[in-house]
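Some notes on the structure that comes next.
Number of protein chains: 2
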Amino acid sequence: MKLIDSSTEHKILEAAKTEFLEFGLYGARMQNIANRAGINKALLHYYFRNKEKLFDKVFESALERYFSNMDIMSDDRLDFKERVHGLADRFLDFLNEYPQMALFLIKEVSANQILFIEKVDKNLRGNKTLLSALLDAQQKGVVSLENPMVFFVQLISMCTYPFVAKPLFTVIAERNETSWNSDSLTELRASIHSFIDHQLNLA
Amino acid sequence: MKLIDSSTEHKILEAAKTEFLEFGLYGARMQNIANRAGINKALLHYYFRNKEKLFDKVFESALERYFSNMDIMSDDRLDFKERVHGLADRFLDFLNEYPQMALFLIKEVSANQILFIEKVDKNLRGNKTLLSALLDAQQKGVVSLENPMVFFVQLISMCTYPFVAKPLFTVIAERNETSWNSDSLTELRASIHSFIDHQLNLA
DNA sequence: GTCTATAACTCGATAGAC
DNA sequence: GTCTATCGAGTTATAGAC
């Protein structure tokens, strides 16, 4: 693990991240990445050999950032329900900061499922994820859910899809003389917390 | 409105639909579409002039199919709550039949929001949509929601994202020795109906 | 390491025969 | 209407000078 990236390499990765997040693997242009980084195309190949390898690096770091939110599921200072609430908040904050991230990950995971499986294993070895924590808590009687997998899917869906489909929701809201903005997001967050409480208290 | 498409034109549209749904506007290849249709590239241009015009036709018919699910919001035989339940079922059935449709629409709407706005107006003139029906019902006191827009977003998210992110959920489920299959979908459906009941009965 | 110049290739589109 | 052949724009990738 290098502590300081060579400045050029770092600039390229930042530029590539911006470009790939916006346009995806096939839509992105090596020329644009070079321009953003303030260098020329040949250097991209000097540092990363080809487009796919460069993309891989970006994809990997995006996945890493995404899964780093799961840390909270192992936080000893919190009880189980607090962890679930905390994770929902983390996801919402994360996607609010990087709104393109959700669609990017979904698009590329769908396009290349095998690459994704490999990388997930790399990122998650040993760490608790939401689903494994839910199954665990269910088995130990900490919570009593109808179906942990369904709860998991619903929760992730409510946290993620609003960002994935933001353009669609914005248009539909405007057509109906209402809006989908940061205030709505605050209210969505509150409603998601109610949902969690309601589901986890069915015990 | 032609009753019988010339066979070639119809074959091209079917082939284009398959290709565009899988790869999107930029990922799709005219050569692949020609191969699927059993003809050659030149004929694609003879019938549809260029790639974008062909895509437009496919996109438009996908949108039309998607919004046709909204019919139920104007069904006089049902009361308001039945309509909402019915619409959720329709969406789940629709996406179960065309699982790639959700991601396709999202990708292309995000990539070309303006085209989408035009086409939405074309598809929706006069018809009730879920959101407009919710706002209406709220105003008339038929239901009493905390925030109709938030409920709308949550409901659509729970119905749609499980299909958008199916590859992701499948992988994560397998990692945890459980599964995400058609049985899970039945249980998801039940849970969504509970959610609707719970939200609409807060009055 | 960084640059310029260009090779090699992909792909949408068109010309023109049948 | 349908085909073969080919053009030309746009892109990734490489050769080679500095």
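Note that the protein sequences, when read in sequence, are chains V and D. The numbering used here applies: residue 13 is where the first sequence begins, and numbers increase by one. The numbering used here applies: residue 13 is where the second sequence begins, and numbers increase by one. Positions of the beta carbon are idealized from the N, C-alpha and C atoms, including for glycine. All values reported here derive from a predicted model rather than from experimental measurement.
* To do: Decide yes or no for the touch test of the stretch 164 to 184 of chain V against the stretch 150 to 170 of chain D: beta carbon pairs closer than 8 Å, at least 3 of them.
  => Flag = yes, the stretch 164 to 184 of chain V and the stretch 150 to 170 of chain D touch.
* Below 8 Å on the Cβ atoms is my guess for V:Val165 versus D:Pro174; work out the distance and round it to an integer in Å. => Going by Cβ atoms, the distance from V:Val165 to D:Pro174 rounds to 5 Å, so yes, they are a contact pair.
* To the nearest angstrom, how far is it from the Cα of D:Asp209 to the Cα of D:Ile51? -> Approximately 52 Å between the Cα atoms of the pair.
* **Buried or exposed by the 16-neighbour rule on C-beta atoms within 10 Å, applied to V:Ser86** => Exposed is the call here.
* Distance CB(V:Phe116)-CB(V:Asn81) smaller than 8 Å -> Taking 8 Å as the Cβ cut-off, V:Phe116 and V:Asn81 do not qualify as a contacting pair.
* Asked: Thinking just about the alpha-carbon of each residue, which of V:Leu200, V:Glu21, V:Pro111, V:Phe103 is nearest to the one in D:Ser122?
  -> Ranked by Cα distance from D:Ser122, the first of V:Leu200, V:Glu21, V:Pro111, V:Phe103 is V:Pro111.
* Counting contacts by CB-CB distance shorter than 8 Å, is D:Phe106 in contact with chain V? -> So no, D:Phe106 is outside the interface.
* Asked: According to the Cβ coordinates, are V:Glu72 and V:Lys29 closer than 8 Å?
  -> Result no, Cβ atoms of V:Glu72 and V:Lys29 do not sit closer than 8 Å.
* Asked: If we cut at 8 Å on Cβ distances, does D:Leu147 have a partner in chain V?
  -> By this cut-off, D:Leu147 is an interface position.
* To do: Count the other C-beta atoms from every protein chain shown that fall within 10 angstroms of the C-beta of D:Ala202, then say buried if there are 16 or more, exposed otherwise.
  => By the 16-neighbour rule on beta-carbons within 10 angstroms, D:Ala202 is exposed.
* Asked: Along the chain, which unbroken stretches of the alpha helix (DSSP H) at least 4 residues long are found entirely within the stretch 83 to 140 of chain V?
  -> Along the length of the stretch 83 to 140 of chain V, whole alpha helix (DSSP H) runs at least 4 residues long occupy 92 to 109, 112 to 123, 125 to 136, reported in chain order.
* Asked: Looking at C-beta atoms only, is the number of pairs between the stretch 17 to 37 of chain V and the stretch 46 to 66 of chain V that lie closer than 8 Å three or more?
  -> Contact annotation: the stretch 17 to 37 of chain V touches the stretch 46 to 66 of chain V, with at least three C-beta pairs closer than 8 Å.
* Name the residue from V:His22, V:Phe67, V:Ser18 whose alpha carbon lies nearest to the alpha carbon of V:Arg41. => Ranking V:His22, V:Phe67, V:Ser18 by Cα distance to V:Arg41 puts V:Phe67 first.
* Which residues in the same chain have their Cβ closer than 7 Å to the Cβ of D:Phe92, if we skip the five residues on either side of it in sequence? -> Excluding sequence neighbours, D:Phe92 sits near Ala149, Val154, Val155.
* With DSSP as the reference, label V:Arg61 as helix, strand or coil. => Here V:Arg61 carries a coil assignment [DSSP, helix/strand/coil].
* Along chain D, which residues have their Cβ under 9 Å away from the Cβ of V:Thr190? -> Going along chain D in sequence order, the residues near V:Thr190 (Cβ under 9 Å) are Leu143, Leu147, Pro160, Met161.
* Taking 8 Å as the CB-CB limit, is D:Leu99 close to chain V? -> Not an interface residue.
* Asked: Just by C-beta distance, which residues in the stretch 118 to 129 of chain V are closer than 7 Å to chain D?
  -> Residues of the stretch 118 to 129 of chain V with a C-beta atom less than 7 Å from some C-beta of chain D are Ile118, Lys119, Val121, Ser122, Gln125, Phe128, Ile129, listed in chain order.
* Asked: Mind checking whether V:Asn135 and V:Leu75 have CB atoms under 8 Å apart?
  -> Yes, these two residues count as a Cβ contact at 8 Å.
* Asked: Since D:Val12 contacts V:Val162 with CB under 8 Å, what's their CB separation in whole angstroms?
  -> The first residue shown for chain D is 13 and the last is 215, placing residue 12 of chain D beyond what the model contains.
* Asked: Listed from N- to C-terminal order along the chain, which residues in the stretch 43 to 56 of chain V have their beta-carbon within a distance smaller than 8 Å of any beta-carbon of chain D?
  -> Residues passing the 8 Å Cβ filter: none.
* List the residues of chain V whose Cβ lies closer than 8 Å to the Cβ of D:Ser156, in chain order. => Within chain V, no residue comes near D:Ser156; the closest Cβ sits about 15 Å away, beyond 8 Å.
* **Contact belief for D:Ile84 with D:Leu99 at Cβ below 8 Å, rounded distance in angstroms** => Contact between D:Ile84 and D:Leu99 holds, with the beta-carbon distance rounding to 5 Å and staying under 8 Å.
* Cα separation between D:Leu37 and D:Leu197? -> Cα to Cα, the separation comes out at about 30 Å.
* To do: From the DSSP output, in three-state form, read off V:Ala40 for me.
  => Annotated three-state conformation of V:Ala40 is coil, per DSSP.
* **DSSP three-state assignment for D:Ser80, whether helix, strand or coil** => Here DSSP, grouped into helix, strand and coil, assigns D:Ser80 to helix.
* Cβ of V:Val188 within 8 Å of Cβ of D:Leu147? -> First, the amino acid is wrong: residue 188 of chain V is Asn here, not Val. It is a contact, given that the beta carbons lie within the stated cut-off.
* Kindly list, in the order they appear in chain D, the residues whose Cβ is closer than 7 Å to that of V:Thr172. => Against V:Thr172, the close residues of chain D are Tyr173, in the order they occur along the chain (beta-carbon pairs closer than 7 Å).
* Asked: Got a sec? Which residues, its chain only, sit under 6 Å from D:Leu143 by beta carbon, not counting five neighbours each side?
  -> Scanning its chain for C-beta atoms nearer than 6 Å, with the 5 sequence neighbours on each side dropped, one finds around D:Leu143 the residues Phe164, in chain order.
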